[in-house]
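Novice:
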Amino acid sequence: MHLALFLIFGALCVAGALNLLLQRHPINSALSLIVVMSSLAVLYLLLGAEFLAAAQVIVYSGAIMVLFTFVIMLLNAGREERTRGSKMAYVVGFPGAAVLLALLAYIFITHSGDFVRLHAGENMVSTAALSRVLFRDLLLPFEVTSILILIAILGAVALARKEH
Amino acid sequence: MTNLHLWLIPLVPVAGFLVNGLLGRRFPKALVTAVAIIAAAIPMLQVADIVLHFSSLATPYIESHGAWIATSAFHANFAFQLDQLSLVMLCVVTGVGFLIHVYSIGYMAHEEGYWRFFAYMNLFLFFMLTLVLSANFLLMFVGWEGVGLASYLLIGFYYTRQSAANAGKKAFLYNRVGDVGFLLAMFLLVAHFGTLSFGQVFAAIGADPALHGGVLTAIGLLLLLGACGKSAQIPLYVWLPDAMEGPTPVSALIHAATMVTAGVYMIARAHVIFDRSAIALLAVAVIGTATAFFAATMGMMQTDIKRVLAYSTVSQLGYMFLGCGVAAYSAGVFHLVTHAFFKALLFLAAGSVIHALGGEQDMRVMGGLRKKIPVTFWTMTAAVFAISGFPPLCGFVSKDEILYQAFVSPTPAGKIFWAIGLLTAGLTSFYMFRLWYMTFFGESRAAAHEEEASVHARHDSRLTLEAEPAHPVHESPKSMLVPMSILAVLCVIAGALGWPEALGGTNWFSRFLASAASALPGGGSTHLELILAIVSTLVALSGWYVAHLMYYSRRDLPARMTARFRAIYGLVFNKYWVDEIYGALVVAPVLFIARWVLAMLVDRGVIDGGGLLAGYTAQGFGSLAARIQSGNIRSYAGWLAACAALLLVAVYFGWTVHFGIR
Amino acid sequence: MVPISWYLILSAVLFSIGVAAFLIKRNIITVFMSIELMLNAVNLTFVAFAQQWHMVSGQIFVFFVMVVAAAEAAVGLAIIIAVFRSRSTLNVDQIDLMKL
Numbered sequence: 066m067h068l069a070l071f072l073i074f075g076a077l078c079v080a081g082a083l084n085l086l087l088q089r090h091p092i093n094s095a096l097s098l099i100v101v102m103s104s105l106a107v108l109y110l111l112l113g114a115e116f117l118a119a120a121q122v123i124v125y126s127g128a129i130m131v132l133f134t135f136v137i138m139l140l141n142a143g144r145e146e147r148t149r150g151s152k153m154a155y156v157v158g159f160p161g162a163a164v165l166l167a168l169l170a171y172i173f174i175t176h177s178g179d180f181v182r183l184h185a186g187e188n189m190v191s192t193a194a195l196s197r198v199l200f201r202d203l204l205l206p207f208e209v210t211s212i213l214i215l216i217a218i219l220g221a222v223a224l225a226r227k228e229h
Numbered sequence: 005m006t007n008l009h010l011w012l013i014p015l016v017p018v019a020g021f022l023v024n025g026l027l028g029r030r031f032p033k034a035l036v037t038a039v040a041i042i043a044a045a046i047p048m049l050q051v052a053d054i055v056l057h058f059s060s061l062a063t064p065y066i067e068s069h070g071a072w073i074a075t076s077a078f079h080a081n082f083a084f085q086l087d088q089l090s091l092v093m094l095c096v097v098t099g100v101g102f103l104i105h106v107y108s109i110g111y112m113a114h115e116e117g118y119w120r121f122f123a124y125m126n127l128f129l130f131f132m133l134t135l136v137l138s139a140n141f142l143l144m145f146v147g148w149e150g151v152g153l154a155s156y157l158l159i160g161f162y163y164t165r166q167s168a169a170n171a172g173k174k175a176f177l178y179n180r181v182g183d184v185g186f187l188l189a190m191f192l193l194v195a196h197f198g199t200l201s202f203g204q205v206f207a208a209i210g211a212d213p214a215l216h217g218g219v220l221t222a223i224g225l226l227l228l229l230g231a232c233g234k235s236a237q238i239p240l241y242v243w244l245p246d247a248m249e250g251p252t253p254v255s256a257l258i259h260a261a262t263m264v265t266a267g268v269y270m271i272a273r274a275h276v277i278f279d280r281s282a283i284a285l286l287a288v289a290v291i292g293t294a295t296a297f298f299a300a301t302m303g304m305m306q307t308d309i310k311r312v313l314a315y316s317t318v319s320q321l322g323y324m325f326l327g328c329g330v331a332a333y334s335a336g337v338f339h340l341v342t343h344a345f346f347k348a349l350l351f352l353a354a355g356s357v358i359h360a361l362g363g364e365q366d367m368r369v370m371g372g373l374r375k376k377i378p379v380t381f382w383t384m385t386a387a388v389f390a391i392s393g394f395p396p397l398c399g400f401v402s403k404d405e406i407l408y409q410a411f412v413s414p415t416p417a418g419k420i421f422w423a424i425g426l427l428t429a430g431l432t433s434f435y436m437f438r439l440w441y442m443t444f445f446g447e448s449r450a451a452a453h454e455e456e457a458s459v460h461a462r463h464d465s466r467l468t469l470e471a472e473p474a475h476p477v478h479e480s481p482k483s484m485l486v487p488m489s490i491l492a493v494l495c496v497i498a499g500a501l502g503w504p505e506a507l508g509g510t511n512w513f514s515r516f517l518a519s520a521a522s523a524l525p526g527g528g529s530t531h532l533e534l535i536l537a538i539v540s541t542l543v544a545l546s547g548w549y550v551a552h553l554m555y556y557s558r559r560d561l562p563a564r565m566t567a568r569f570r571a572i573y574g575l576v577f578n579k580y581w582v583d584e585i586y587g588a589l590v591v592a593p594v595l596f597i598a599r600w601v602l603a604m605l606v607d608r609g610v611i612d613g614g615g616l617l618a619g620y621t622a623q624g625f626g627s628l629a630a631r632i633q634s635g636n637i638r639s640y641a642g643w644l645a646a647c648a649a650l651l652l653v654a655v656y657f658g659w660t661v662h663f664g665i666r
Numbered sequence: 018m019v020p021i022s023w024y025l026i027l028s029a030v031l032f033s034i035g036v037a038a039f040l041i042k043r044n045i046i047t048v049f050m051s052i053e054l055m056l057n058a059v060n061l062t063f064v065a066f067a068q069q070w071h072m073v074s075g076q077i078f079v080f081f082v083m084v085v086a087a088a089e090a091a092v093g094l095a096i097i098i099a100v101f102r103s104r105s106t107l108n109v110d111q112i113d114l115m116k117l
């Protein structure tokens, strides 16, 4: 069961990511990304992070991606044109990414014996437990993040304002 | 044991040099003169004092003033030495030096660089005295180089003249070639004996009777090379005729009496080494004889009065080398002394003639000066007779001694040396009398010449505001005549010092020098000596006769002979093309290498190129690196990805560098 | 029975796709989205490890990452709007004023 769920939503993730890569119009990419995020939320659930799954859907899919979509619509972004880009990106970048993937895959495969096998829904971390740590041990960072968000709001407003 | 304060002898002239050199420009002429003369007189007085007390001294007297080089392997001190040989040299250098300083007061009176001249002269005295007084080869080398420097400065005294500057360079460079020999000899000495001190080296050789040839030959030959450079022997003589570009007192002091004799002094000083090496001695004799002969032939053809004397100097130095080469060191040194007298006098008199004629040096436009400048005439006559070897003048005594020793020398080639030496004596007599007749006798050719546009020989007084206009021929001032007269008297009486036993004398000089520079007993009899003396006198007379014939009674003869023997005449007149040969063989390749290989290839190519290459490389790398900064986000991202991958791989596989403590 | 290493491999794949998308895409908003994708991949890793070692701090870290990603997205998009206003283009290759 766990396996089946993992496979389905894992495949969905990868498919969405590839779609993001392959689509020409940014709005399609944005929608693909939403698919990815939602699938990831399910995967978090499988990994026992219920709060994070919820937060993923609410914050990421629900707010950030909406923001992206708004901006795309606002700027009326059209299909991408082909321009002369940077050769370096292809020449150097792709091998880099490939190596990265290969290396990580290699590490995780060779050491797969070190990792735990999981059943679905094992070791659910309850929201209560999470919040206990968050509001007790890490209270200061929590408050700081709220200020961070405040600053972000101010910045966004200031930057995006129409110049008079 | 009294303290002779030998260090004062060189030190006073250098003080004079410093005062005149640094401040002389602002001094009035009288003050410059006073400083210079006092700086030259005090050493002379001190030497005179030493002479008076010499018999009570234990020789060699060595005075050490502290260590110069003091390592575990090698020591060299600032040490001065006094023995018979150095005393003789001291007398010559300080005595003749002082006289020439006095002469220069009158001769250089109208020169711009008066203070500079006397400063350099004092500097020369300092170095020469150091050379003569030193107790080791190293300090001697200091003096050796120093006199070369002073010579360069004084030859190029009229530095605005291209030929004078070139002559100075030429002298210095040829000296340098010789100095290489001297240096190599010193290296060999250090390598073999571990010391450069005269006393220690000679004692080491003396203590080892079996030491012959081999390294001693090498040292001897190398020392000979050094002497050839300094004393203008074949193959390094060509600088001396050109050195006549300098003022006449310089020619008299440096290129007649003192510096050029440094080579002879060095060979006499190192006689212990030469005594043990037959090859080196033979080389000395051969070079000396050959030089004497060749220089005499060249001197016969010269038309510039100073050039004749220059070649004569080279030739007479050859005699001194011959004397040393047959191990008759005291004979060679005695000829050095007498040569100092008559050659200095010849130069001073020539200077007086030139001064009288307002700068003229070409003998072809002289003549008829006998009545007009009598004192100069009579002093020069004394010198001419002395150098030609007429008894009882000093030149005869010394030259005859050398020829006799050559004849009776155990060297197989001794008789050959004698024969060539005798022939050269005849030539010497001939060209000296030729000079005498052309300068002083007959009608004055100067008047006829004045109308022509100037093909004047180099004027000595170019640095004055203008050359002296048509002065009537006048005798020189007292300051010039008195030294000349003193030297003339010395020419006549100095022979008594070494008067040979065969003719009734005691040969005091040879005995005096015996402990410092022993002459090998020559064998032979007084009878033989008498005969040889008569032969030499006859040869001298015949030289006079031929000169009389060609330049007095039958004036047409020279021109006819020149026409008959045109080829030989051309060869000798052009000094056997030696300068040109050196130019093509040595100078041209060196210049080529310097200009094209070193200047172009090495300096511009390698060194400049290296710098430029570094610059271009930095620039190239810089511009390459700058391309990364393209402003393009994707290329940045590409690089980021690649390098991140690289880092990860490095960390995972442990390719990190371990610093610090493991 | 899914070994956690599979989650990790999945996250590696997602990350690489994100890098590739960053390198390929020419629209700046899409580039931004690829950044979000990469962040998400990392989030997945954190959660997987949190499960592996039974530490809550992994998940808390994810929480903070989300917060920061949100802030960054807001500000970043505001900048994109500003740039669009001045340059009238969303093409990444044409926004290269910082080149040497």
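Top line first, the protein sequences correspond to chains A, B and C. For what it's worth, my numbering labels the leading residue of the first sequence as 66, then goes sequentially. For what it's worth, my numbering labels the leading residue of the second sequence as 5, then goes sequentially. For what it's worth, my numbering labels the leading residue of the third sequence as 18, then goes sequentially. Don't be surprised by glycine CBs; every beta carbon is placed ideally from N, CA and C.
1) Among the residues of its own chain, which have a CB less than 6 Å from the CB of Val-107/A, if the five just before and after it don't count?
2) Any Cβ of chain B within less than 7 Å of the Cβ of Ala-142/A?
3) Can a CB atom of chain B be found closer than 7 Å to the CB of Leu-168/A?
4) For Val-16/B, which option in His-69/B, Ala-123/B and Ser-433/B has the closest C-alpha, if you only look at C-alpha atoms?
5) Out of Ser-105/C, Gly-75/C and Val-59/C, state which residue places its alpha-carbon closest to the alpha-carbon of Ala-142/A.
6) Run down chain B in chain order and give the residues with a C-beta less than 8 Å from the C-beta of Val-136/A.
7) Answer yes or no: does any C-beta atom of chain B fall closer than 7 Å to that of Leu-86/A?
8) What does a CB cutoff of less than 7 Å around Ala-114/A pick up in its chain, not counting 5 residues either side in sequence?
9) Please confirm if Ala-649/B has its CB atom under 7 Å from at least one CB of chain C.
10) With Leu-86/B as the anchor, note down where its alpha helix (DSSP H) starts and where it stops.
11) Quick one: Cα of Thr-428/B to Cα of Ile-42/B, how far?
12) Classify Phe-135/A: buried if its beta carbon has 16 or more other beta carbons within 10 angstroms, exposed otherwise.
13) Could one say the Cβ of Gly-624/B lies closer than 7 Å to chain A's Cβ atoms, at least one of them?
14) Ala-415/B to Leu-286/B, Cα distance in whole Å?
15) Beta strand (DSSP E) containing Ser-68/B: first to last residue?
16) Our contact map puts Ile-424/B next to Phe-325/B with C-beta atoms below 8 Å; I'd like the distance itself, whole angstroms only.
17) At a CB-CB cut-off below 7 Å, which residues of chain A make contact with Ile-96/C?
18) Could you check which residue in Ile-137/A, Ser-211/A, Leu-98/A and Ile-174/A has the C-alpha nearest to that of Ser-126/A?
19) With a threshold of 7 Å between beta carbons, is Ala-641/B in contact with chain C?
20) Closest to Leu-35/B by C-alpha separation, out of Val-23/B, Ile-46/B and Phe-596/B, would be which residue?
21) Against Tyr-656/B, what residues of chain A qualify as contacts under a CB-to-CB distance less than 8 Å, listed in chain order?
22) Cβ of Gly-93/C within 7 Å of Cβ of Phe-32/C?
23) Starting from the Cα of Leu-532/B, find the closest Cα among Gly-619/B, Gln-633/B, Val-18/B and Asp-404/B and give me that residue.
24) So, do the segment 635-655 of chain B and the segment 156-173 of chain A have three or more beta carbon pairs nearer to each other than 8 Å?
25) Taking Cβ positions only, does Gly-158/A come closer than 7 Å to chain B?
26) Is the segment 259-279 of chain B in contact with the segment 354-362 of chain B, if contact means three or more CB pairs nearer than 8 Å?
27) Helix, strand or coil for Leu-132/A? Go by DSSP, reduced to three states.
28) Regarding Val-254/B and the ligand HEM, is the C-beta to nearest heavy atom distance less than 6 Å?
29) Can you check whether the C-beta of Val-198/A is within less than 7 Å of a C-beta belonging to chain C?
30) Below 7 Å between beta carbons is the criterion; list the residues of the segment 72-105 of chain C that meet it against any residue of chain B, in chain order.
31) CA-CA distance, Ile-34/C and Gly-178/A?
32) What residues are listed by DSSP as bridge partners for Leu-190/A?
33) Alpha carbon to alpha carbon, how far is Val-388/B from Ala-274/B? Give it in angstroms, no decimals.
34) Which residues in chain B sit within 8 Å of Val-109/C, going by Cβ to Cβ distance?
35) Taking the alpha carbon of Ala-272/B as the reference point, which residue from Arg-568/B, Pro-213/B and Gly-336/B has its own alpha carbon closest?
36) Using a C-beta cutoff of 7 Å, does Ala-646/B count as contacting chain C?
Specialist: Result, derived from the coordinates:
1) For this step, residue 107/A is matched to residue 42 along the first sequence. Same-chain partners within the cutoff: Phe-74.
2) Here residue 142/A refers to the residue found at position 77 when the first sequence is read from its first residue. Ala-142/A has a beta carbon lying at 7 Å or more from every beta carbon in chain B.
3) As a first step, residue 168/A is located in the first sequence; it is residue number 103 there, counting from the start. Interface residue, yes.
4) Your numbering for residue 16/B matches position 12 in the second sequence. Ranking His-69/B, Ala-123/B and Ser-433/B by Cα distance to Val-16/B puts Ala-123/B first.
5) Counting from 1 along the first sequence, the entry for residue 142/A is found at position 77. Of Ser-105/C, Gly-75/C and Val-59/C, the residue nearest in Cα terms is Ser-105/C.
6) One-based indexing of the first sequence puts residue 136/A at position 71. The contacting residues do not exist; Val-136/A stays about 18 Å from chain B at best.
7) Position 21 of the first sequence, counting from 1, holds the residue named residue 86/A. No, Leu-86/A does not count as interfacial toward chain B.
8) By 1-based counting over the first sequence, the position of residue 114/A is 49. Excluding residues within five positions, the ones whose Cβ falls inside 7 Å are Val-190.
9) The sequence position of residue 649/B within the second sequence is 645, counting from 1. Taking CB atoms only, Ala-649/B has no neighbour in chain C less than 7 Å away.
10) By one-based count along the second sequence, residue 86/B stands at place 82. For Leu-86/B, there is no enclosing alpha helix (DSSP H); the enclosing beta strand (DSSP E) has its first and last residue at 79-86.
11) One-based indexing of the second sequence puts residue 428/B at position 424. One-based indexing of the second sequence puts residue 42/B at position 38. Rounded to whole angstroms, the separation of the alpha carbons of Ile-42/B and Thr-428/B is 41 Å.
12) Locating residue 135/A in the first sequence gives position 70, counting from the first residue. Looking at its Cβ environment, which holds fewer than 16 other Cβ atoms inside 10 Å, Phe-135/A is exposed.
13) Translated into positions along the second sequence, residue 624/B becomes position 620. Proximity of Gly-624/B to chain A, defined by a Cβ-Cβ separation below 7 Å, is not satisfied.
14) Mapped onto the second sequence, residue 415/B falls at position 411. Mapped onto the second sequence, residue 286/B falls at position 282. Inspection of the sequence shows that residue 415/B is occupied by Thr rather than by Ala. C-alpha separation (whole angstroms): 8 Å.
15) As a working mapping, residue 68/B is identified with position 64 in the second sequence. For Ser-68/B, the enclosing beta strand (DSSP E) covers residues 65-74.
16) Locating residue 424/B in the second sequence gives position 420, where the first residue counts as 1. Locating residue 325/B in the second sequence gives position 321, where the first residue counts as 1. With a Cβ gap of about 13 Å, Ile-424/B and Phe-325/B do not count as contacting.
17) Locating residue 96/C in the third sequence gives position 79, counting from the first residue. Correct list: Leu-224.
18) Counting from one through the first sequence, the residue named residue 126/A turns up at place 61. Nearest Cα to Ser-126/A within the set Ile-137/A, Ser-211/A, Leu-98/A and Ile-174/A: Leu-98/A.
19) Here residue 641/B corresponds to residue number 637 of the second sequence, with the count starting at 1. Interface annotation, Ala-641/B: in contact with chain C, CB-CB separation under 7 Å.
20) Residue mapping note: residue 35/B aligns to position 31 of the second sequence, counting from 1. Scanning Val-23/B, Ile-46/B and Phe-596/B for the CA closest to the CA of Leu-35/B turns up Val-23/B.
21) To locate residue 656/B, count along the second sequence from 1; it is residue 652. In chain order: Leu-168 and Ile-172.
22) As a first step, residue 93/C must be located in the third sequence, where it is residue number 76. As a first step, residue 32/C must be located in the third sequence, where it is residue number 15. Cβ distance not < 7 Å, so Gly-93/C and Phe-32/C don't count as in contact.
23) Sequence index remark: in the second sequence, residue 532/B carries index 528 (1-based). Cα-wise, what sits closest to Leu-532/B is Asp-404/B.
24) Here the segment 635-655 of chain B makes contact with the segment 156-173 of chain A; the two share three or more CB pairs at distances below 8 Å.
25) Start at 1 with the first residue of the first sequence, and residue 158/A comes out as number 93. Yes, because at least one Cβ of chain B sits closer than 7 Å to the Cβ of Gly-158/A.
26) Judged by Cβ distances under 8 Å, the segment 259-279 of chain B makes no contact with the segment 354-362 of chain B, as fewer than three pairs qualify.
27) Against the first sequence, residue 132/A aligns to sequence position 67. In this structure, Leu-132/A counts as helix in the three-state DSSP scheme.
28) The ligand HEM is absent from the structure shown, which contains no ligand whatsoever.
29) Within the first sequence, the letter at position 133 stands for residue 198/A. By this cut-off, Val-198/A is an interface position.
30) Near chain B, meaning a CB-to-CB distance below 7 Å, no residue of the segment 72-105 of chain C qualifies.
31) Numbered from 1 along the third sequence, position 17 holds the residue referred to as residue 34/C. Numbered from 1 along the first sequence, position 113 holds the residue referred to as residue 178/A. Spanning the two alpha carbons is a distance of roughly 26 Å.
32) Counting from one through the first sequence, the residue named residue 190/A turns up at place 125. Checking the sequence shown, residue 190/A turns out to be Val, not Leu. DSSP output for Val-190/A lists Ala-114/A as bridge partner(s).
33) One-based indexing of the second sequence puts residue 274/B at position 270. One-based indexing of the second sequence puts residue 388/B at position 384. Distance between the alpha carbons of Ala-274/B and Val-388/B: 32 Å.
34) Taking the first residue of the third sequence as 1, we reach residue 109/C at position 92. Correct list: Asn-636, Ile-637 and Arg-638.
35) Start at 1 with the first residue of the second sequence, and residue 272/B comes out as number 268. Nearest option by C-alpha distance: Gly-336/B.
36) By 1-based counting over the second sequence, the position of residue 646/B is 642. When Cβ-Cβ separations below 7 Å define contact, Ala-646/B makes no contact with chain C.
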